[in-house]
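Peer 1: The structure's right below; bear with me while I get my questions together.
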Amino acid sequence: MRTLKPQDARRIEALIGRMTLTEKLGQLTMMAASHTVTGPVITGHSVDDIRRGRIGNLLNLIGAAAAREMQRVAVEESRLGLPLMIGLDVIHGHRTLFPPPLAEAALFDPQAWALTAREAAREAAADGISMTFAPMLDVSRDPRWGRTIEGPGESAWVGERLAQAKVRGFQGTDLAAAESIAAVAKHFCAYGAVTAGREYASVDVSDRALLEVHVPPFAAAVSSGVAAVMPAFTDLAGIPMTAHGAMLRGRLRRQLGFEGVLVSDYNAVAELIQHGVAADLVEAAALALAAGIDIDMVSGAYLQGLPVALERGLVTLAQIDESVRRVLALKARLGLFEDPYRRGASAESAAAVAGRRRLARDVAARSIVLLTNREGALPLSTDIHRLALIGPLADAAAEMRGPWWSAADPEAQISVLTGIRAALPQAQIFHASGVEIVGADESGIAAALELCDEAQAVVLCLGEGATMSGEAASRAHPQLPGRQQELAEAVLRRAGARSIPVIAVLFCGRPLIVPWLAERASALLAAWFPGCEAGHAVADILTGRASPSGRTPITWPRAVGQIPLYFEQRSGGRPTDSGNTFSSRYIDESTEPLFHFGHGLTYGHFNLSCLRVTPESANPSDTVQIRVDVENQGERRAQETVFLFTHRLKSRVAPPLLELRGVGKITLDPGTRGTVTLLLPVMELQSLGPDLEPTLEPGAIEILVGPSAARASLLTGRLEIVT
Ligand code: BGC
Numbered sequence: 014m015r016t017l018k019p020q021d022a023r024r025i026e027a028l029i030g031r032m033t034l035t036e037k038l039g040q041l042t043m044m045a046a047s048h049t050v051t052g053p054v055i056t057g058h059s060v061d062d063i064r065r066g067r068i069g070n071l072l073n074l075i076g077a078a079a080a081r082e083m084q085r086v087a088v089e090e091s092r093l094g095l096p097l098m099i100g101l102d103v104i105h106g107h108r109t110l111f112p113p114p115l116a117e118a119a120l121f122d123p124q125a126w127a128l129t130a131r132e133a134a135r136e137a138a139a140d141g142i143s144m145t146f147a148p149m150l151d152v153s154r155d156p157r158w159g160r161t162i163e164g165p166g167e168s169a170w171v172g173e174r175l176a177q178a179k180v181r182g183f184q185g186t187d188l189a190a191a192e193s194i195a196a197v198a199k200h201f202c203a204y205g206a207v208t209a210g211r212e213y214a215s216v217d218v219s220d221r222a223l224l225e226v227h228v229p230p231f232a233a234a235v236s237s238g239v240a241a242v243m244p245a246f247t248d249l250a251g252i253p254m255t256a257h258g259a260m261l262r263g264r265l266r267r268q269l270g271f272e273g274v275l276v277s278d279y280n281a282v283a284e285l286i287q288h289g290v291a292a293d294l295v296e297a298a299a300l301a302l303a304a305g306i307d308i309d310m311v312s313g314a315y316l317q318g319l320p321v322a323l324e325r326g327l328v329t330l331a332q333i334d335e336s337v338r339r340v341l342a343l344k345a346r347l348g349l350f351e352d353p354y355r356r357g358a359s360a361e362s363a364a365a366v367a368g369r370r371r372l373a374r375d376v377a378a379r380s381i382v383l384l385t386n387r388e389g390a391l392p393l394s395t396d397i398h399r400l401a402l403i404g405p406l407a408d409a410a411a412e413m414r415g416p417w418w419s420a421a422d423p424e425a426q427i428s429v430l431t432g433i434r435a436a437l438p439q440a441q442i443f444h445a446s447g448v449e450i451v452g453a454d455e456s457g458i459a460a461a462l463e464l465c466d467e468a469q470a471v472v473l474c475l476g477e478g479a480t481m482s483g484e485a486a487s488r489a490h491p492q493l494p495g496r497q498q499e500l501a502e503a504v505l506r507r508a509g510a511r512s513i514p515v516i517a518v519l520f521c522g523r524p525l526i527v528p529w530l531a532e533r534a535s536a537l538l539a540a541w542f543p544g545c546e547a548g549h550a551v552a553d554i555l556t557g558r559a560s561p562s563g564r565t566p567i568t569w570p571r572a573v574g575q576i577p578l579y580f581e582q583r584s585g586g587r588p589t590d591s592g593n594t595f596s597s598r599y600i601d602e603s604t605e606p607l608f609h610f611g612h613g614l615t616y617g618h619f620n621l622s623c624l625r626v627t628p629e630s631a632n633p634s635d636t637v638q639i640r641v642d643v644e645n646q647g648e649r650r651a652q653e654t655v656f657l658f659t660h661r662l663k664s665r666v667a668p669p670l671l672e673l674r675g676v677g678k679i680t681l682d683p684g685t686r687g688t689v690t691l692l693l694p695v696m697e698l699q700s701l702g703p704d705l706e707p708t709l710e711p712g713a714i715e716i717l718v719g720p721s722a723a724r725a726s727l728l729t730g731r732l733e734i735v736t
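Numbering (this note's numbering), first residue to last: 14 to 736.
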């Protein structure tokens, strides 16, 4: 963290000297506001609590006028005039919605990740927001877990880069700028590994998994200067993260060097009672403060419990002051002392808003993953003039928002129906939902089938509703909900009988288990939740106006029983592919995924050849250059994505079969070729030894380069590490 200006440091010490205990606890408290037609209300409290210094921070306050009014009360009517920090979950956009993080991860493009965060920050700041509870950095290898959509997917390597880009985007180069907001890396740590993918359940992972998989994205956020961190709701091997001193004060602060603010998750301090580690709010507050939590989000435990905890000697005033100092330091870094009204001071220009929507359309189209495309079913033929658009997600504008919509207007989202109509103005578009997203009513299927008889092609829009992923949305059956499979099967039969293609577009917050659909649809796309420009982005891909380039950042299993399934697995002593009975496999299902990590087709046809590794023998100080030739043998201009993996052939700790080290992209016209160059600093090949300390082992390393983590698709080379 950048050091404070000397005058801010002096101001903070002077303030701490003057503050009453209540005023100090107010700074350590964040309460939820919600907006009514008559103005903001503060749940369970009143605006007078701001005036009396009992509330120093708010969340969920929407609109510049409301934010300004609350700020005015704090600054002009409270004794010390301390400004409020106002937080909100600006996860994938504020008023303009971009695709959620898992979908954005499919771009494998840190610049785009930073750009959408920057635009979201601008828009939120224009509404008086100074803090977002993002980025969410929980690596997830379990599609049952609903919050998979909020994070980077299965790879810590992707999580690290997403962390850096998002922190850069939200905070900018100057956190005090009117367009910058404080980022909160969440949820520390290993929330994505909840037992059986069940929301809020216990986490019990090895120290190795913690350090190899779950901590690195947070370490990247810290080294990028993230302003705040939020611990997870969950317990880690029995210790709730909200009270986990070893992880918060030890790992995060001492080892990773985090100096910012720790803000609890919603009501998490009081929930230490439910966890069974605190008898009452007094003990809960004392445990959280001792663990290093600076801000109590909404539970009121600090306000109510810490005065008693202080009397009982469970906490010290010095501990309280330490947290107050950190919170005030962040307010200073945000420029709130200089000008508490700088965010939200001026409305945005129409050009800025329009530019943001163009970005949303571009990013949404690039997040869509073309999973299958038989006999060139896509793009749709240019002379299509009768198209059937079927399914419960075809005309479902509000669902396109995905799990977090902040201040977005449900009416401002573009449905697929609207997008397709705009893209194909000459064509007749027949539309029927067939069935609801959930529910058992099949009465609409017959009418939907009739549309197949009129059309030249069918686009089936299937999947989950926006609230079926995200928080509190774990699914034991991550398949098509309701009667959508019945609808899809009936459409596939009817269209099949007439030999017209069926393009299935999935809207989902996780990989869905749909092997039957992947086998039978003419083309299958993962559109995730594309955000406000959904319909235009989907139409861009279907018509070929945009060429698909998204790659799945998470493995798609064929069966729930395969979960967790991910590319970084270790071989084991009886590997899956040893071809005999006593190998690591199932007797009733393949061990292969439905789609590998990184999978995604384009409208080109790429051939990779001639892998070069230079030098072939390298020292720790070297950077190895890996080059591969790429040729577009297809008929359309397209972008290929090339992944660089490594595999340590022998190591003191059994190595993963593949470790991601780099991603390159190249756009090529038909019939042209180019070279992708990836740089691999040898020190990045360090791994954690038996003692969990980073080590660079000498010896041979396989270099694997290709379009996905499917081993058969990878070119292999060799590198010798000499230490
Ligand atoms: C979620 C957090 C979120 C917070 C504030 C909690 O329920 O777990 O991710 O930032 O609410 O809305």
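Yeah, the Cβ is synthetic: ideal placement off N, Cα and C, and Gly gets one too.
Just so we're clear, the structure is a prediction, and the values are computed from it rather than from any experiment.
(1) Would DSSP call LEU717 helix, strand or coil?
(2) Check each candidate in PHE201, ALA550, GLY478, GLY483 and name the one with the smallest Cα separation from ARG370.
(3) Please classify PHE658 as buried or exposed, where buried requires at least 16 neighbouring CB atoms within 10 angstroms.
(4) Measuring CB to CB, does GLY318 end up less than 9 Å from ALA299?
(5) Compute the minimum distance between the beta carbon of ASP140 and the heavy atoms of the ligand BGC, and state whether it is under 8 Å.
(6) Using DSSP with H/G/I as helix, E/B as strand and the rest coil, what is GLY447?
(7) Who are the near neighbours of ILE513 in its chain, counting only those whose CB is closer than 8 Å to its CB and skipping five residues on each side?
(8) Could you spell out the range, first to last residue, of the alpha helix (DSSP H) harbouring SER622?
(9) Over what stretch of residues does the beta strand (DSSP E) that includes GLU733 continue unbroken?
(10) For MET243, verify whether its CB is less than 8 Å away from any heavy atom of the ligand BGC.
(11) Quick one: does the C-beta of ASN620 sit closer than 8 Å to a heavy atom of the ligand BGC?
(12) Are the CB atoms of LEU692 and VAL637 within a distance shorter than 9 Å?
(13) Taking 9 Å as the threshold (beta carbon to beta carbon), is GLU89 in contact with chain C?
(14) Determine, using beta carbons only, whether GLU132 and PHE111 come nearer to each other than 9 Å.
(15) Determine, using beta carbons only, whether ARG523 and THR161 come nearer to each other than 9 Å.
(16) Report the CB separation of VAL282 from ALA301 in whole angstroms; it is logged as a contact under 8 Å.
(17) Would you say LYS179 touches the ligand BGC, meaning its beta carbon is less than 8 Å from a heavy atom?
(18) Tell me whether the beta-carbon of ILE450 lies closer than 9 Å to the beta-carbon of GLY478.
(19) How do the segment 486 to 500 and the segment 418 to 427 stand: do at least 3 beta-carbon pairs fall below 8 Å, yes or no?
(20) Give me the pocket residues for the ligand BGC, defined as CB within less than 7 Å of any heavy atom, sorted by chain position.
(21) DSSP has VAL197 in a bridge; who is on the other side?
(22) Would you mind working out which of ALA510, ALA378, GLU463, GLY185 sits nearest GLY432, comparing C-alpha positions?
(23) Would you list the one or two residues that DSSP bridges to VAL655?
(24) Does the separation of the CB atoms of LEU188 and ILE142 fall below 9 Å?
(25) So, under 8 Å CB-CB, PRO543 and TYR616 are touching, yes? Tell me the CB distance rounded to an integer number of Å.
(26) If you draw a straight line from the alpha carbon of PRO253 to that of ALA297, how long is it in whole angstroms?
(27) On the CB-based measure, 16 or more other CB atoms within 10 Å of its CB, does PHE610 come out buried or exposed?
(28) Given this structure, state the Cα-to-Cα distance separating GLU136 from LEU505, to the nearest angstrom.
(29) Leaving out five residues before and five after PRO258 in sequence, what residues of the same chain have Cβ atoms less than 7 Å from its Cβ?
(30) Below 6 Å CB to CB, which residues in the same chain sit around ARG339 once its five sequence neighbours on both sides are set aside?
(31) Quick one: what does DSSP say LEU110 is sitting in, helix, strand or coil?
(32) I'd like the span of the beta strand (DSSP E) that includes PHE520, first residue to last.
(33) Leaving out five residues on either side along the sequence, give the residues of the same chain with a beta carbon under 6 Å from the beta carbon of LEU28.
(34) Cβ atoms of VAL641 and VAL515: under 9 Å apart, would you say?
(35) Is it buried or exposed, PHE121, if we count other Cβ atoms within 10 angstroms and call 16 or more buried?
(36) Evaluate PHE608 with the Cβ neighbour count: other Cβ atoms within 10 Å of its Cβ, from every protein chain shown; 16 or more gives buried, anything less gives exposed.
Peer 2: Straight from the coordinates:
(1) strand
(2) ALA550
(3) buried
(4) yes
(5) no
(6) coil
(7) CYS465, ALA468, GLN469, ALA470, VAL471
(8) No alpha helix (DSSP H) holds SER622; the beta strand (DSSP E) holding it covers 619 to 627.
(9) 728 to 734
(10) yes
(11) no
(12) yes
(13) Absence of chain C from the displayed structure is noted, only one protein chain being present.
(14) yes
(15) yes
(16) 5 Å
(17) no
(18) yes
(19) no
(20) LEU72, ASN73, ASP102, PHE146, MET149, LYS199, HIS200, MET243, PHE246, ASP278, TYR279, MET310, GLU484
(21) ALA241
(22) ALA378
(23) GLY677
(24) no
(25) PRO543 to TYR616, Cβ: 18 Å. No contact.
(26) 11 Å
(27) buried
(28) 43 Å
(29) At residue 258 the sequence reads Gly, which differs from the Pro that was named. Counting only Cβ-Cβ distances below 7 Å, and skipping sequence neighbours, we find ALA303, ALA304, GLY305.
(30) VAL274, ASP307
(31) strand
(32) 515 to 520
(33) none
(34) no
(35) buried
(36) buried
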